[in-house]
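Reviewing the structure listed below.
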Amino acid sequence: MHRYLGYSSFRPLQEDIITSVLDGRDTLAILPTGGGKSLCFQVPSMAREGICLVVSPLVALMKDQVGRLREKNIRAAYIVSGMLPREIDHTLNNCIFGDYKFLYVSPERLQNDMFLTRFKDMPVNCIAVDEAHCVSQWGYDFRPSYLQIPELREFHPNVPVLALTATATPQVAHDIVDKLALKAPASFKASLLRENLSLSLRREADKIPKLIEIADNINGSGIVYTMSRRKTKAVAEALISQGHNATYYHAGLGHKERQLRQNQWTSGQKRIIVATNAFGMGIDKSDVRFVVHFDVPESLEAYYQEAGRAGRDGQNAFAILLSNQKDEERLQNSAEISFPDKQVLRAVLIGLFNHLQVAFGEGTSRPYRFNLRAFSKFYDLEPILAHNAIGSLKRDGWLELSDAFYSPSKLLFKVKNKDLYKFLVKQPQYEELTKYILRNYGGLFEQYVTIDEAQIARRLNFPPEKVVTQLEELHRLQMAAYYGQNELPTISFLRERPLGDRIVFDEESLNFLRDRHQLRIDEVLQYIEGQRVDCRFSTIMNYFGEVPAQDCGVCDSCKRNAFNSDKEATLLRIQQDILSALKVESLADQALRKHLQKYPAEFIEEMMRYLIQEEKIRLDGLTWRLR
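Residue 1369 is where the sequence shown starts when you use my numbering, and the numbers rise one by one after that.
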């Protein structure tokens, strides 16, 4: 394990799960964020002949894991929407004949005839289903394409299936076993309790000052989650204005910019990153000291998964949820906004067919690059309405929308070497560019090769647009196949466009999903409104069907309850700490509060008011002094 994957020991339950898979048993593994799910299929696959098929809906995570495996000289590949047919064909051949160990695929691939035909010829040793909760309508991210997974077993009936998820209620866990047709599975569920992670909730009408206070008082790396791209920038700028080393991240940034910002944060060049909720999946950074939810998530599943990205190294960490009346209003309206009516769904689906030029009776043969902003503008739709309608169309099994997939520029010469030479004699204007590319990139006559137009332009002292123009002309003249870089999401239609647009929705299923969404919203509202719960971890554990042995002792509720049991003694200690600190020197308000951070905020406020009334301390501007 250490030789190939770089690990010298197992985390809790990993060894048991690996042993189960090696024994050939179907297995359900529920491991929290940071629990090391990928190792549970990587080790068994490396120990056996053959290849492991990994089904995952997360393109960025697939690319990241394949990249890490390749760095360790382990043959791995992925197939996702947006790849060229010839690339897919080449990848599938490698997985049959090329001694590959891992193939990652997005779930919509499972309905592709070419994939299924080739899959049956692969020497498969394991099928791993990541984000397995996606198969359940009871889960928070249902994807109908996951329902095709049991059909894979028809080709390899004796291969074990490993279903993996970070969170699952008892109903979702039952559904995973049922819908994936797991046979007498071994089930492993790690405890959700993280003794080093302190969960807390703060009610703040104005969240920015509280966020600044958190960043001031907690050292180390942090993530701040927001619900909108626009807000990531605004919140990051607020942190920067107060001297914090912060950046922001969302899917609307270019690939290189996203990669730069992620690397700056993981390497420690930036201390805090403000991001939308997809950020953090698969990122190997264990020393995150705090996670702040600037906006309240729409499910306890999402909240706990994101909060769990703090403190993976076992050191003390904090997950702080900021809420106010606006959050409650947004959540109360969420089901109505997230599930548009069928007239809207019909209009958006027909709009997609027309916008992407899908003919009647067609649509399932290839993925389509999709720009939500351009689509919404053309059809005069609010982007959020279009986005939510597409979400409902996904849930109803009409399509899959991948996350943005960066596809670098690719080039393949379609003619033989001698024919290309004859062409250049007749068309010398292409000679300098073509010969440079042939000298610096290999294999161009056999397969698509990734090229960098900007670097080529610099080396040839060409304007960048000249390089692109000449490559496009070579493509048009049938000398080459050139595809410029692209990083738009892709839509894959899972059903053909009905003749006459006779579209029928499964209203019963959509209504069920809407009701489940509302139930999850209600659970979140209860969590944020019930500030005086006995223990936050116990509340979350009960939601996921785990009976807590005891309260966590480190969340804000547990701390408050401990202090409340002896309030007078606590207030006296706060008084002594304040007076002792100010006797040494006057302190800025921020510095004094940091000094007192182990106490409940309401106790600190109460004692400060008391000491002011007793004329023992005073506040000059933002500085506390003894009287």
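Built from N, CA and C at the ideal position, the CB exists for glycine as well.
Please read these numbers as outputs of a predicted model, since none were measured by experiment.
- For Asn1854, the beta-bridge partners assigned by DSSP are Ser1775.
- Membership of Lys1431 in any beta strand (DSSP E) is not indicated; the residue belongs instead to the alpha helix (DSSP H) covering 1427-1439.
- The Cβ atoms of Ala1687 and Leu1561 lie no closer than 8 Å to each other.
- Ranking Phe1743, Phe1791, Asp1771 by CA distance to the CA of Gln1725 puts Phe1743 first.
- Straight through space, the alpha carbons of Gln1958 and Val1427 are spaced by roughly 42 Å.
- Per DSSP, the beta-bridge partners of His1661 are Tyr1593, Leu1689.
- Taking the C-beta atoms as reference points, Ala1670 is found no nearer than 8 Å to Arg1639.
- Residue pairing by DSSP places Cys1420 opposite Phe1470, Cys1494 in a beta bridge.
- Judged by their CB atoms, Ala1643 and Tyr1593 are nearer to each other than the 8 Å cut-off.
- By the neighbour-count criterion, in which 16 or more other beta carbons inside 10 Å mark a residue as buried, Ala1822 falls on the exposed side.
- With 16 or more other Cβ atoms inside 10 Å of its own Cβ, Phe1721 counts as buried.
- In the displayed model, Phe1781 falls within a strand according to three-state DSSP.
- In terms of Cβ geometry, Ala1558 and Leu1381 form a close pair [threshold 8 Å].
- Annotation: the region 1529-1569 contains the following complete segments of the beta strand (DSSP E) (minimum length 3 residues), in chain order: 1529-1533, 1554-1557.
- It is roughly 12 Å from the alpha-carbon of Ile1752 to the alpha-carbon of Val1716.
- Sorting Val1656, Asn1701, Leu1452, Ala1531 by C-alpha distance to the C-alpha of Pro1518 places Ala1531 at the top.
- Nearest to Val1422 by alpha-carbon distance, out of Tyr1978, Tyr1514, Leu1792, is Tyr1514.
- In this chain, Tyr1671 is not harboured by any beta strand (DSSP E); it is covered by the alpha helix (DSSP H) spanning 1668-1675.
- Looking at the DSSP output, Ile1859 bridges to Tyr1736, Leu1769.
- With contacts defined by Cβ atoms closer than 8 Å, Leu1780 and Ala1849 form a contacting pair.
- Rounded to the nearest whole angstrom, the CA to CA distance from Lys1778 to Leu1842 is 13 Å.
- Taken atom to atom, the span from the alpha-carbon of Ala1606 to that of Ile1576 is near 7 Å.
- Only buried fits Phe1647, as 16 or more other CB atoms lie within 10 angstroms of its CB.
- A contact is defined here as three or more CB-CB pairs under 8 Å, and the region 1476-1495 fails this definition with respect to the region 1426-1443.
- When the beta-carbon positions are compared, Ile1398 and Thr1533 come within less than 8 Å of each other.
- Residue range 1382-1390 is occupied by the alpha helix (DSSP H) that includes Val1389.
- DSSP places Tyr1911 outside any beta strand (DSSP E); the residue lies instead in the alpha helix (DSSP H), whose first and last residues are 1904-1911.
- When Glu1696, Ile1805, Arg1807, Tyr1468 are compared, the shortest CA-CA separation from Val1892 is found for Glu1696.
- Per the C-alpha coordinates, the member of Glu1499, Gly1392, Gly1731, Lys1966 positioned closest to Arg1416 is Gly1392.
- Comparing alpha carbon positions, the residue from Leu1520, Thr1537, Asp1498, Gln1479 closest to Gly1507 is Thr1537.
- In the structure shown, Asp1988 falls within a strand segment according to DSSP collapsed to helix, strand and coil.
- Looking at the DSSP output, Ala1445 sits in a beta bridge with Leu1471.
- Inter-segment contact for the region 1571-1588 and the region 1935-1955 is absent: fewer than three beta-carbon pairs are separated by less than 8 Å.
- Looking at the DSSP output, Ile1641 bridges to Ile1591, Thr1615.
- In the three-state scheme derived from DSSP, where H, G and I count as helix and E and B as strand, Arg1993 is classed as strand.
- DSSP places Ile1398 in the uninterrupted beta strand (DSSP E) bounded by 1395-1398.
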